[in-house]
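Keeping their order, the protein sequence lines are chains A and B.
For reference, each letter of the first sequence is one residue, going 1 to 77 in our numbering.
For reference, each letter of the second sequence is one residue, going 78 to 404 in our numbering.
The beta-carbon is built from N, C-alpha and C at its ideal position, and this holds for glycine as well.
The model shown is predicted, which means the values in this text are computed figures rather than measured ones.
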Amino acid sequence: MEIKVLGSGCAKCEKTVESISRIARELGVDASVVKVTDLQQIVALGVMSTPGVVVDGTLVHSGSIPHRDEIERWLSG
Amino acid sequence: MLHWFSLLADWVLIRVGVDKSEPLGEALHFFIEDTSKIFVLLMIMIYLIALARASLRIERVRDYLAGQHRLLGYGLGSMFGAVTPFCSCSSIPLFLGFTSAGIPVGATMAFLLTSPLINEVAIVLLGGLLGWKFATVYILIGMGVGILGGLFLDSIGAERMLQPLVQQLSGQGASPASATGQRRLTLADRHRFAAAELEEILRRVWKWVFIGVGLGAALHGFVPEGWIEQNLGAGQWWTVPTAVLVGIPLYSNATGVIPVMESLILNGLPVGTTLAFCMSTVAASFPEFILLKQVMQWRLLAILFVMLLVSFTLAGWLLNAFAGWVI
C-alpha cells in the first residue's frame, strides 16, 4: 500500500506523516508513507488545503491532521 | 451580562483578601475579569461558529466563487476569508486551486488578505478587551482592505504579473477534487467537528490570552502614564506609516497581537496608530511574501507591499481622526 502525504512542509503535515507511519506499524500493515512537497503535483491532485492524503492514487483526505479511526480505515481497506 | 465577570473578580479578591483599590488588587481584578470573560466568550463563539461551518469546505468555497459575477466576487471572497478556517501554509495551494478554477486574482487575494485578519478568536478578543464598537470597526476595515485590495489588483492587471506556471494553469478548470465525499452532515457530526475545533483552537491560543491580558493587567495596575503617551500620544501623522513599516516585517497572528493592542491603547497610543501596527503584523510578513514569490513576480509582490502599506496607513489616519467615536 502506498500512502502520500501532500503539503509544503507545515507542522501539521509532519504530524500527519508521523501518525500514519506509527499506526501502520502498530497494526502491522506494510505501507510506504511518502511526503510530496512539489506544488505542481499537489495542485494536479486538486488539493487546496494541506495536509492532503492520497492512498494508492486516490485522494481520501485534505485540510487537517486525520483522525485515528480514519487512518485505521484506510490502512485496513 | 458581562458585568458578571467583574462580580466574579470582586468575589475572588474578597476570598483571597486583597484590597481592590491597591495597585496589586487592581491588576488582579483586571486579570481575573478579563481572562474569565474571554475564555467563556471564546468557548461559546468557537463552538457555535464551528457548528455552523462544519460543512464549509474550501472546495465548496471555490466552486461557489467560480460562478460569481466579478464585482460580487471581491465581497464574497473577503467574507469567506473571514469565516473559513485556514492555515497560511495552505495559501499557495489555495491560490493555485482558485486560479485554475477561473477565479480572478482579485477575488482570490480578497480571500487571502482578509483571512488572517478576521476570525472568531480575533473578534472575541477585540470585543471583550476593547469593546464591540471597536470590534465592528476592525471587521469593517479588515474586509475593506480585502475588497478594495482585490479590486485594485484586478484593475492594474495583476494576472499578467503572476509566475508563468500560474498563468498556464489559469482558467484550466477545477480539478475534480472531492476528497471527502460530501454527504449530508448530521447534528452529531457537526457537534463532533465543533468540539474538535474548540479543543484545537483553545490549545493553541490559551497561553496568548494569559500573556496578553497579564501584560495589560500589569500596565493597568502599575504604570500610570508611560512614555508612549508623552511621545506618541498626540497621534502625529508620521507615527502611523512608521507603525506600519515596523509592523510588516514582524509576524504575529491575531490572537497574539490583540491583547498587546489593548496594552498599547491603555498606555496612551492612539487607536488608529495601534490598529495600523497590529493589522500590518498580522496581514503581512516576510515568510508570507517568500511563499507568495512562488506564484507572483517581484513586481506584483512590490505592488502588494506598497498597497498594504498605503491601506493600513489610511485606515490608521482615519481612525485617529475619529478616535473619540470608536472607543
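Contact belief for Pro336 of chain B with Leu206 of chain B at Cβ below 8 Å, rounded distance in angstroms:
For this step, residue 336 of chain B is matched to residue 259 along the second sequence. For this step, residue 206 of chain B is matched to residue 129 along the second sequence. That belief holds up - the Cβ atoms of Pro336 of chain B and Leu206 of chain B are roughly 7 Å apart, short of 8 Å.
What in chain A is Cβ-close to Phe399 of chain B, meaning under 7 Å?
Residue numbering aside, residue 399 of chain B sits at position 322 when the second sequence is read from its first letter. Under the 7 Å cutoff, chain A gives no residues; its nearest Cβ is about 38 Å from Phe399 of chain B.
Would you mind reading off the limits of the alpha helix (DSSP H) that contains Val29 of chain A?
On the first sequence, residue 29 of chain A is found 29 positions in, with the first residue counted as 1. Careful: Val29 of chain A lies outside any alpha helix (DSSP H) and carries neither H nor E.
Contacts that Ser247 of chain B makes with chain A (C-beta to C-beta distance below 7 Å)
Against the second sequence, residue 247 of chain B aligns to sequence position 170. The premise fails here: Ser247 of chain B is roughly 12 Å from chain A at the closest Cβ pair, so nothing lies under 7 Å.
Taking 8 Å as the threshold (beta carbon to beta carbon), is Lys35 of chain A in contact with chain B?
Taking the first sequence and counting its residues from 1, the one referred to as residue 35 of chain A is at position 35. No, Lys35 of chain A does not count as interfacial toward chain B.
Consider the Cβ of Leu173 of chain B: report whether some Cβ of chain A lies at a distance smaller than 8 Å.
Counting from one through the second sequence, the residue named residue 173 of chain B turns up at place 96. Yes - at least one Cβ of chain A is within 8 Å of the one on Leu173 of chain B.
What's the call for Trp88 of chain B, buried or exposed, on a 16-neighbour Cβ count within 10 Å?
Stepping through the second sequence from its first residue, residue 88 of chain B is reached at position 11. Flag for Trp88 of chain B reads exposed.
Within-8 Å CB hit, Ile447 of chain B to chain A
Here chain B has residues from 78 to 404 only, and residue 447 of chain B is not among them.
I want to verify the contact list: residues of chain A whose CB lies under 9 Å from the CB of Ile115 of chain B, in sequence order.
Indexing the second sequence from 1 puts residue 115 of chain B at position 38. Per Cβ cutoff of 9 Å: no residues; Ile115 of chain B is ~25 Å from chain A at best.
Within its chain, find whatever has a CB closer than 7 Å to the CB of Phe389 of chain B; leave out the 5 residues flanking it on each side and keep chain order.
Taking the first residue of the second sequence as position 1, residue 389 of chain B is located at position 312. For Phe389 of chain B, where only same-chain residues beyond five positions count, the Cβ hits under 7 Å are Val321, Ala353, Met356 and Ser357.
Does Arg139 of chain B have its Cβ less than 8 Å from a Cβ in chain A?
Sequence index remark: in the second sequence, residue 139 of chain B carries index 62 (1-based). Arg139 of chain B counts as touching chain A.
Thr191 of chain B and Gly158 of chain B: beta carbons closer than 8 Å?
Residue 191 of chain B sits at position 114 when you count from the first residue of the second sequence. Residue 158 of chain B sits at position 81 when you count from the first residue of the second sequence. Yes, these two residues count as a Cβ contact at 8 Å.
Per DSSP, what are the beta-bridge partners of Lys35 of chain A in this structure?
Position 35 of the first sequence, counted from the start, is the residue given in the question as residue 35 of chain A. Looking at the DSSP assignment, Lys35 of chain A forms a beta bridge with A:Val5.
Would you call the CB atoms of Pro181 of chain B and Gly150 of chain B closer than 8 Å?
Locating residue 181 of chain B in the second sequence gives position 104, counting from the first residue. Locating residue 150 of chain B in the second sequence gives position 73, counting from the first residue. Yes.
If you run the structure through DSSP and keep just helix, strand and coil, what is Ser388 of chain B?
Taking the second sequence and counting its residues from 1, the one referred to as residue 388 of chain B is at position 311. Helix.
What residue range is occupied by the uninterrupted beta strand (DSSP E) comprising Val54 of chain A?
The sequence position of residue 54 of chain A within the first sequence is 54, counting from 1. Where Val54 of chain A is concerned, the enclosing beta strand (DSSP E) stretches over Gly52 to Val55.
Buried or exposed for Leu148 of chain B, please, with buried defined as at least 16 other CB atoms from any protein chain shown within 10 angstroms of its CB.
On the second sequence, residue 148 of chain B is found 71 positions in, with the first residue counted as 1. Exposed is the call here.
Mind pulling the beta strand (DSSP E) runs of 3 or more residues that sit fully within the stretch 328-360 of chain B?
none
Residues that Ser177 of chain B contacts on chain A, provided the C-beta gap is smaller than 8 Å
Against the second sequence, residue 177 of chain B aligns to sequence position 100. Per Cβ cutoff of 8 Å: Val43.
Could you work out which residues of chain A lie near Phe163 of chain B, taking near to mean beta carbons separated by less than 8 Å?
Taking the second sequence and counting its residues from 1, one reaches residue 163 of chain B at position 86. Correct list: Ser49.
Report the residue from B:Ser83, B:Met120, B:Gly94 and B:Phe108 whose alpha carbon sits nearest the alpha carbon of Leu275 of chain B.
For the purposes of this step, residue 275 of chain B is taken as residue 198 along the second sequence, with counting starting at 1. Nearest of B:Ser83, B:Met120, B:Gly94 and B:Phe108 to Leu275 of chain B, Cα basis: B:Met120.
Any residues in the stretch 5-16 of chain A with a beta carbon nearer than 9 Å to a beta carbon of chain B? Which ones, in chain order?
Leu6, Gly7, Ser8, Gly9, Cys10, Ala11, Lys12 and Cys13
Considering only their Cβ atoms, is the gap separating Leu75 of chain A from Ala24 of chain A smaller than 8 Å?
Counting from 1 along the first sequence, the entry for residue 24 of chain A is found at position 24. Counting from 1 along the first sequence, the entry for residue 75 of chain A is found at position 75. Cβ distance < 8 Å, so Ala24 of chain A and Leu75 of chain A count as in contact.
Keeping to the same chain, check which residues put their C-beta closer than 7 Å to that of Gly226 of chain B; ignore five residues upstream and five downstream.
For this step, residue 226 of chain B is matched to residue 149 along the second sequence. Hits under 7 Å: Met186, Ala187, Leu190, Met384 and Ser388.
Can at least three beta-carbon pairs, one atom from the stretch 316-334 of chain B and one from the stretch 264-272 of chain B, be found at a separation below 8 Å?
no
How big is the Cα-Cα spacing for Phe287 of chain B and Arg237 of chain B?
For the purposes of this step, residue 287 of chain B is taken as the residue at position 210 of the second sequence. For the purposes of this step, residue 237 of chain B is taken as the residue at position 160 of the second sequence. Cα to Cα, the separation comes out at about 46 Å.
Buried versus exposed call for Met1 of chain A [16 or more other C-beta atoms within 10 Å across all chains shown]:
As a first step, residue 1 of chain A must be located in the first sequence, where it is residue number 1. Flag for Met1 of chain A reads exposed.
Per DSSP, what kind of secondary structure is Leu133 of chain B in: helix, strand or coil?
Counted from its first residue, the second sequence places residue 133 of chain B at position 56. Leu133 of chain B falls in the coil class under three-state DSSP.
Where Ser64 of chain A sits in the DSSP three-state scheme:
Counting from 1 along the first sequence, the entry for residue 64 of chain A is found at position 64. Residue state, collapsed to three classes: coil.
Exposure of Phe399 of chain B, with buried meaning 16 or more beta-carbon neighbours within 10 Å
Start at 1 with the first residue of the second sequence, and residue 399 of chain B comes out as number 322. The residue is exposed, with fewer than 16 neighbouring Cβ atoms inside 10 Å.
Three-state secondary structure assigned by DSSP to Met48 of chain A:
Along the first sequence, read from residue 1 onward, the residue named residue 48 of chain A stands at position 48. Reduced to three states, the DSSP call for Met48 of chain A is coil.
Bridge-paired residues (DSSP) for Met373 of chain B
As a working note, residue 373 of chain B is residue 296 in the second sequence. Looking at the DSSP assignment, Met373 of chain B forms a beta bridge with B:Leu239.
So with CB distances below 7 Å, who are the chain A contacts of Glu136 of chain B?
Numbered from its first residue, the second sequence carries residue 136 of chain B at position 59. Ordered by position in chain A, the residues that pass the 7 Å Cβ test against Glu136 of chain B are Met48.
Name the residues in the stretch 54-65 of chain A whose C-beta lies less than 7 Å from a C-beta of chain B; which are they?
Leu59, Val60, His61, Ser62 and Gly63
Three-state class that DSSP yields for Thr58 of chain A in the structure shown
Taking the first residue of the first sequence as 1, we reach residue 58 of chain A at position 58. Thr58 of chain A: strand per DSSP, three-state reduction.
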